[in-house]
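Peer 1: The structure under discussion is supplied below as structure tokens; questions concerning it will follow.
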Amino acid sequence: MRKYLAIFFVVFSIFSFQTNGFLLVHAEQTRADLEADLANLEAQIKALNGTIAKTKEQGASLKNDITLLSQKIDQSKLKIQSHDKAIKRINGTISEKNRTINVLDEKLEREKESLSQILRKTRYLEQYSVLDFGLQSESLSTFFSDADSFSTLNKALAVSFSEIEASKNNLEKAKTELEEVKDEEVEKKLAQELEKKKVETNQKEKNTLLSITKNKETEYKKVLATREKEAAQIRARLFELRDTGSISFGQAYDFALASSKSTGIRPALILAILMQESSLGINVGACYLRDYATGDGVGIKSGETKKRTMHPDRDVPVFLSFLKKLGRDPQKTPVSCWIPMYSKGNPTGWGGAMGPSQFIPSTWTIFEKRIEKITGSSVADPWKPYHAITATSLYLADLGAVAGNEASERNAACKYYSGRACSASSAGAGYGNSVMKKVTAMQADIDKLQK
Numbered sequence: 167m168r169k170y171l172a173i174f175f176v177v178f179s180i181f182s183f184q185t186n187g188f189l190l191v192h193a194e195q196t197r198a199d200l201e202a203d204l205a206n207l208e209a210q211i212k213a214l215n216g217t218i219a220k221t222k223e224q225g226a227s228l229k230n231d232i233t234l235l236s237q238k239i240d241q242s243k244l245k246i247q248s249h250d251k252a253i254k255r256i257n258g259t260i261s262e263k264n265r266t267i268n269v270l271d272e273k274l275e276r277e278k279e280s281l282s283q284i285l286r287k288t289r290y291l292e293q294y295s296v297l298d299f300g301l302q303s304e305s306l307s308t309f310f311s312d313a314d315s316f317s318t319l320n321k322a323l324a325v326s327f328s329e330i331e332a333s334k335n336n337l338e339k340a341k342t343e344l345e346e347v348k349d350e351e352v353e354k355k356l357a358q359e360l361e362k363k364k365v366e367t368n369q370k371e372k373n374t375l376l377s378i379t380k381n382k383e384t385e386y387k388k389v390l391a392t393r394e395k396e397a398a399q400i401r402a403r404l405f406e407l408r409d410t411g412s413i414s415f416g417q418a419y420d421f422a423l424a425s426s427k428s429t430g431i432r433p434a435l436i437l438a439i440l441m442q443e444s445s446l447g448i449n450v451g452a453c454y455l456r457d458y459a460t461g462d463g464v465g466i467k468s469g470e471t472k473k474r475t476m477h478p479d480r481d482v483p484v485f486l487s488f489l490k491k492l493g494r495d496p497q498k499t500p501v502s503c504w505i506p507m508y509s510k511g512n513p514t515g516w517g518g519a520m521g522p523s524q525f526i527p528s529t530w531t532i533f534e535k536r537i538e539k540i541t542g543s544s545v546a547d548p549w550k551p552y553h554a555i556t557a558t559s560l561y562l563a564d565l566g567a568v569a570g571n572e573a574s575e576r577n578a579a580c581k582y583y584s585g586r587a588c589s590a591s592s593a594g595a596g597y598g599n600s601v602m603k604k605v606t607a608m609q610a611d612i613d614k615l616q617k
């Protein structure tokens, strides 16, 4: 019995190895090809970034503008190709893992059935005494040999079952991680669509410039004048900040650009987050803290009692302490109201977020020293635009946002709102998507300021 069972397991293992080995080699070759293509595209994009920077340094002229637009169009096309390759690579890896999980599932079921049969036969043996078997069997030694075989296989299959369960859990975990990466790659696909729109916009502008001949430099001067006028209008436009009022877009951009030099975060992302928070403030409203013991407050507009305005232990003492340094009245300083949320019938979460960046007091203290260092201020103030913009920039950097990587920026936006990556929270995903739409519009305005 041992001999035949051993042969079965060896043959099955060889067949499985050969089948999976072929698929694995093929998948590795495909992945290697995609990785090589991606590396090549990234190198081209990097080189083109340098070329674009040099073209910008040459100043405004009809020829340079046409060259720059051509380079930007080529850059967008390369990014589109790069996104395609990345998505194919991830999809291929997910398919490979799915095949492996299916093979393990089938093997697991077979071993479960084998284990069940052995257990049934073992229980059957236990119903008889050694004397009964001695009278019925040709050889008592054969009985003990078979019983020993069943016991050995029982233990071996139990170990195998445990190992396969562990492997399956690991693969399921890997699959979940890959799905999250795929979510980021899908986000790159959305970014790809934005690149296509950039191509269309830049191509349209290029065509306009190409229609201006060398003998019509006056026409080009008109184009420059139009750009300057549009840039001036953008800079003068009001930029709303939550619980603070508004400043000019030009000021907001200058603050974001200054903080970006320390954090590496795109100004467009910083400003998009602040714009999103301002929109939420309009919908949710603001409160004043009233009861320091319970953390309850009142709605600024309604005057109604608002529960859970600020966490009484974690945030109220900190809030009172640094408002004293700022010389602000804690009962006349606006904070966010609690957004009613419940888990299993119990209220969860608190309000109390402050200023444009919407940090709760205990979180603000974590960033205080870094904000003061960047802004050159002695006391970090959540309601000062430059301080709030710097705080948002620092937090986004801590959350993993990388300039130019839309997937990392979207995930950082989701974490900014919900504390979790986009794929882990539908509420966060909605926030992240809204922010990235604002980033696109914001970047378009910033590009006009930089021309």
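Quick note: the sequence shown uses this note's numbering, first residue 167, plus one each step. Built from N, CA and C at the ideal position, the CB exists for glycine as well. As the structure is a prediction and not an experimental result, all values here were calculated from the model.
Quick check: the Cα distance between Glu277 and Gln283, rounded to an integer number of angstroms?
Peer 2: For this step, residue 277 is matched to residue 111 along the sequence shown. For this step, residue 283 is matched to residue 117 along the sequence shown. About 10 Å.
Peer 1: Assuming Thr558 and Ile400 are in contact, meaning their beta carbons sit under 8 Å apart, how far apart are those beta carbons, in whole angstroms?
Peer 2: By one-based count along the sequence shown, residue 558 stands at place 392. By one-based count along the sequence shown, residue 400 stands at place 234. Rounded, the Cβ-Cβ distance is 20 Å, inconsistent with contact.
Peer 1: Report all residues from its chain with a CB closer than 6 Å to the CB of Ala578; omit the five preceding and five following residues, and keep chain order.
Peer 2: The residue given as residue 578 occupies position 412 in the sequence shown. Excluding residues up to 5 positions away in sequence, Leu562, Leu565, Gly566 and Ala567 lie with their Cβ nearer than 6 Å to the Cβ of Ala578 in the same chain.
Peer 1: Could you say which of Cys453, Lys229 and Gly517 lies nearest to Lys372 if we only look at CA atoms?
Peer 2: Looking up residue 372 in the sequence shown gives position 206. Ranking the options by Cα distance to Lys372, first place goes to Lys229.
Peer 1: For Pro513, which beta-bridge partners are listed by DSSP?
Peer 2: Locating residue 513 in the sequence shown gives position 347, counting from the first residue. Answer by DSSP bridge pairing, in chain order: Tyr508.
Peer 1: Tell me which residue opens and which closes the beta strand (DSSP E) that Val545 is part of.
Peer 2: Numbered from 1 along the sequence shown, position 379 holds the residue referred to as residue 545. Run containing Val545: none; DSSP gives neither H nor E here.
Peer 1: Could you compute how far the alpha carbon of Tyr454 sits from the alpha carbon of Glu343?
Peer 2: In the sequence shown, the residue the question calls residue 454 occupies position 288. In the sequence shown, the residue the question calls residue 343 occupies position 177. Taking the straight line from one Cα to the other gives about 42 Å.
Peer 1: With 16 as the cutoff for other CB atoms within 10 Å, does Ser425 come out buried or exposed?
Peer 2: Within the sequence shown, the letter at position 259 stands for residue 425. Flag for Ser425 reads buried.
Peer 1: To which residues does DSSP link Glu472 through a beta bridge?
Peer 2: What you label residue 472 is simply residue 306 of the sequence shown in a count that begins at 1. Looking at the sequence provided, one finds Lys at residue 472 rather than Glu. Answer by DSSP bridge pairing, in chain order: Gly463.
Peer 1: Would you report the Cα separation of Leu492 and Glu406, rounded to the nearest angstrom?
Peer 2: Walking along the sequence shown from the start, residue 492 turns up at place 326. Walking along the sequence shown from the start, residue 406 turns up at place 240. Whole-angstrom Cα-Cα distance: 23 Å.
Peer 1: CB Trp504 to CB Thr475, shorter than 9 Å?
Peer 2: Translated into the one-based positions of the sequence shown, residue 504 becomes position 338. Translated into the one-based positions of the sequence shown, residue 475 becomes position 309. Yes, these two residues count as a Cβ contact at 9 Å.
Peer 1: Quick one: using the 10 Å Cβ neighbour count with 16 as the cut-off for buried, is Glu366 buried or exposed?
Peer 2: As a working mapping, residue 366 is identified with position 200 in the sequence shown. Taking every protein chain shown into account, the CB of Glu366 has fewer than 16 other CB atoms within 10 angstroms, so this residue is exposed.
Peer 1: Quick one, which of Gly258, Ile436, Glu279 and Thr384 has its alpha-carbon nearest Lys348's?
Peer 2: Position 182 of the sequence shown, counting from 1, holds the residue named residue 348. It is Gly258.
Peer 1: Can you tell me which of the three DSSP states Phe299 falls into?
Peer 2: Position 133 of the sequence shown, counted from the start, is the residue given in the question as residue 299. In this prediction, Phe299 has a pLDDT of 48, which is less than 50 and means its spatial position is unreliable; what the coordinates show is noted afterwards. Residue state, collapsed to three classes: helix.
Peer 1: Check each candidate in Asn571, Arg197, Ile436 and Asn368 and name the one with the smallest Cα separation from Ser261.
Peer 2: As a first step, residue 261 is located in the sequence shown; it is residue number 95 there, counting from the start. Ser261 has its Cα closest to that of Arg197, out of Asn571, Arg197, Ile436 and Asn368.
Peer 1: Could you compute how far the alpha carbon of Lys245 sits from the alpha carbon of Ile537?
Peer 2: By one-based count along the sequence shown, residue 245 stands at place 79. By one-based count along the sequence shown, residue 537 stands at place 371. Whole-angstrom Cα-Cα distance: 35 Å.
Peer 1: Can you tell me whether Asn368 is buried or exposed? The criterion is at least 16 other CB atoms within 10 Å of its CB, across all chains shown.
Peer 2: Your numbering for residue 368 matches position 202 in the sequence shown. Asn368 should be labelled buried.
Peer 1: Per DSSP, which one or two residues make a beta bridge with Leu455?
Peer 2: To locate residue 455, count along the sequence shown from 1; it is residue 289. In the DSSP output, where bridge partners are listed per residue, Leu455 has Gly463.
Peer 1: What whole-angstrom Cβ distance do Gly421 and Tyr552 have, given they're in contact under 8 Å?
Peer 2: Stepping through the sequence shown from its first residue, residue 421 is reached at position 255. Stepping through the sequence shown from its first residue, residue 552 is reached at position 386. According to the sequence as given, residue 421 is Phe; it is not Gly. Going by Cβ atoms, the distance from Phe421 to Tyr552 rounds to 5 Å, so yes, they are a contact pair.
Peer 1: Specify the secondary structure class of Leu407 as computed by DSSP and reduced to three states.
Peer 2: The residue given as residue 407 occupies position 241 in the sequence shown. Taken through DSSP and simplified to helix, strand or coil, Leu407 comes out as strand.
Peer 1: Excluding the 5 residues preceding and the 5 following Ser502 in the sequence, name in chain order all residues of the same chain whose CB lies nearer than 6 Å to its CB.
Peer 2: If you number the sequence shown from 1, residue 502 lands on position 336. These residues qualify, in order along the chain: Gly517 and Ala519.
Peer 1: For my contact list, Ile218 and Lys238 are in at a C-beta cut-off of 8 Å; report their separation, rounded to the angstrom.
Peer 2: As a first step, residue 218 must be located in the sequence shown, where it is residue number 52. As a first step, residue 238 must be located in the sequence shown, where it is residue number 72. About 7 Å separates the beta carbon of Ile218 from that of Lys238, a gap short enough to meet the 8 Å contact definition.
Peer 1: Indicate whether the contact test is met: 3 or more Cβ pairs, each with one atom in the region 332-339 and one in the region 201-211, closer than 8 Å.
Peer 2: no
Peer 1: Just checking my contact of Gln524 with Glu443 at CB under 8 Å: how many whole Å lie between their CB atoms?
Peer 2: Numbered from its first residue, the sequence shown carries residue 524 at position 358. Numbered from its first residue, the sequence shown carries residue 443 at position 277. Beta-carbon to beta-carbon, Gln524 and Glu443 are separated by about 5 Å, close enough to satisfy the 8 Å threshold.
Peer 1: Using DSSP with H/G/I as helix, E/B as strand and the rest coil, what is Ser261?
Peer 2: For the purposes of this step, residue 261 is taken as residue 95 along the sequence shown, with counting starting at 1. Ser261 falls in the helix class under three-state DSSP.
Peer 1: Could you pull out every residue in the same chain whose Cβ sits closer than 7 Å to the Cβ of Gln247, ignoring the five residues on either side in sequence?
Peer 2: Locating residue 247 in the sequence shown gives position 81, where the first residue counts as 1. Cβ within range, chain order: Leu207.
Peer 1: Work out the CA separation of Glu385 and Gly416 for me, nearest whole Å.
Peer 2: Start at 1 with the first residue of the sequence shown, and residue 416 comes out as number 250. Start at 1 with the first residue of the sequence shown, and residue 385 comes out as number 219. Cα to Cα, the separation comes out at about 28 Å.
Peer 1: Is the Cβ-Cβ distance between Arg586 and Gly596 less than 9 Å?
Peer 2: Translated into positions along the sequence shown, residue 586 becomes position 420. Translated into positions along the sequence shown, residue 596 becomes position 430. No, Cβ-Cβ distance for Arg586 and Gly596 is not below 9 Å.
Peer 1: Could you compute how far the alpha carbon of Ala573 sits from the alpha carbon of Asn599?
Peer 2: Position 407 of the sequence shown, counted from the first residue, corresponds to residue 573. Position 433 of the sequence shown, counted from the first residue, corresponds to residue 599. Whole-angstrom Cα-Cα distance: 11 Å.
Peer 1: Judging by CA-CA distance, which residue of Ile232, Lys334 and Ala418 is the nearest neighbour of Ser377?
Peer 2: Counting from one through the sequence shown, the residue named residue 377 turns up at place 211. Of all alpha-carbon atoms in Ile232, Lys334 and Ala418, the one lying nearest the alpha-carbon of Ser377 is that of Ile232.
Peer 1: In this structure, how does DSSP classify Ser377 when only helix, strand and coil are distinguished?
Peer 2: By one-based count along the sequence shown, residue 377 stands at place 211. Three-state DSSP puts Ser377 in coil, outside helix and strand.
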